[in-house]
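**Student:** The structure is given below, and queries will be raised subsequently.
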Amino acid sequence: MTDTPSARRSRTERTSPVTFYRQVVAELRKVVWPSQQQLVTYFIVVMAFVLVMIALVSVLDLAFGKAVFAVFGGDTSKAS
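Number 29 in this note's numbering belongs to position 19 of the sequence shown; there are no gaps in the numbering.
Now the structure itself:
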C-alpha cells in the first residue's frame, strides 16, 4: 500500500487563508437559514423546555434534600 506522489503531495499542500475564506463563504451560502418566525418559535420552545427542566431539577433537589435530612436526622433544634 504505497502512496503515489500526487496523493502524498495533496496531503501536504496547504490551503491559503483567502481560499479557505472563499470556501467557508461558499458553504455558508448553501445553508438554509430559518425565517424570523421560525427563529422566534424555536426560541420559545427551547426556553419553555429549559424552564420545565429547571423546575423538575429544583423539585427533585428539594425532595431529595428533605429525604436526606429525614433519614440522617437533620433537625438541629434537639441538640443541646
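Glycine residues also receive a C-beta, built at the ideal position from the N, C-alpha and C atoms.
Taking just the CA atoms, how far does Val-35 sit from Val-28?
**Tutor:** For the purposes of this step, residue 28 is taken as the residue at position 18 of the sequence shown. For the purposes of this step, residue 35 is taken as the residue at position 25 of the sequence shown. Computed Cα separation, rounded: 11 Å.
**Student:** In the structure shown, what three-state DSSP assignment does Glu-37 receive?
**Tutor:** Counted from its first residue, the sequence shown places residue 37 at position 27. Glu-37: helix per DSSP, three-state reduction.
**Student:** DSSP on Pro-44, reduced to helix/strand/coil?
**Tutor:** Within the sequence shown, residue 44 is the residue found at index 34, counting from 1. In the structure shown, Pro-44 sits in coil (DSSP, three-state: anything other than H, G, I, E or B).
**Student:** So Pro-44 and Tyr-31 are in contact, right, with Cβ under 8 Å, and what is the actual spacing, rounded?
**Tutor:** For the purposes of this step, residue 44 is identified with residue 34 of the sequence shown, where counting begins at 1. For the purposes of this step, residue 31 is identified with residue 21 of the sequence shown, where counting begins at 1. Pro-44 to Tyr-31, Cβ: 24 Å. No contact.
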